[in-house]
Amino acid sequence: MHALSLLAILLPLAAADTHKWCSCQSWTAGPQAQWGVNQMLSYFVCSQEYKGMAKFDVNTNRCEGLNGYKLDGDTWEGHCKAAGQGYFPITMEGYIDARGSPLHVDVAVGLCR
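Those letters in the sequence shown? Residues -16 to -1, 1 to 97, per mature numbering (1 follows the signal peptide of the UniProt record, and there is no 0), in order.
Have a look at this one:
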């Protein structure tokens, strides 16, 4: 019975994939296609999905947890992929700029450390 209790405590810890910071990397087809950190996509995900829990650092292009908050890597990547299907730029004041067409990427992944 004690082994099952210990397993119940340790299993969530082993499954947790949390990080101090994350960013979105993306790739879009075209003549100059390449993988790279997508600043605007990362900023969009950070500002829309992690309000009060994390902040976007424009110098490093990373979403960083506040007050010890850790970002779950799988959840972050899911947000990058979903937002990559169509998102709007965010102003430095944190407002969505929906004046133009939504931005899209062909492939998005999360990068977390």
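Using N, Cα and C, we set each Cβ at its ideal position, and we do this for glycine too.
Out of Gln69, Pro86, Asp81, Lys65, state which residue places its alpha-carbon closest to the alpha-carbon of Val93. The residue you call residue 93 lines up with position 109 of the sequence shown. The shortest Cα separation from Val93 among Gln69, Pro86, Asp81, Lys65 belongs to Lys65.
May I ask you to report which of helix, strand or coil DSSP gives Trp19? As a working mapping, residue 19 is identified with position 35 in the sequence shown. Looking at Trp19 - three-state DSSP - the assignment turns out to be coil, as it is neither helix nor strand.
Under the three-state DSSP convention, the category Glu77 falls into: In the sequence shown, residue 77 corresponds to position 93, counting from 1. Residue state, collapsed to three classes: coil.
Can you tell me whether DSSP reads Pro71 as helix, strand or coil? Within the sequence shown, the letter at position 87 stands for residue 71. Reading off the sequence shown, one finds Tyr at residue 71, where the question assumed Pro. Here Tyr71 sits in strand by DSSP.
Just tell me which of Met24, Ala13, Gln32, Glu48 has its CA closest to the CA of Cys6. Position 22 of the sequence shown, counted from the first residue, corresponds to residue 6. Out of Met24, Ala13, Gln32, Glu48, Glu48 has the C-alpha closest to the C-alpha of Cys6.
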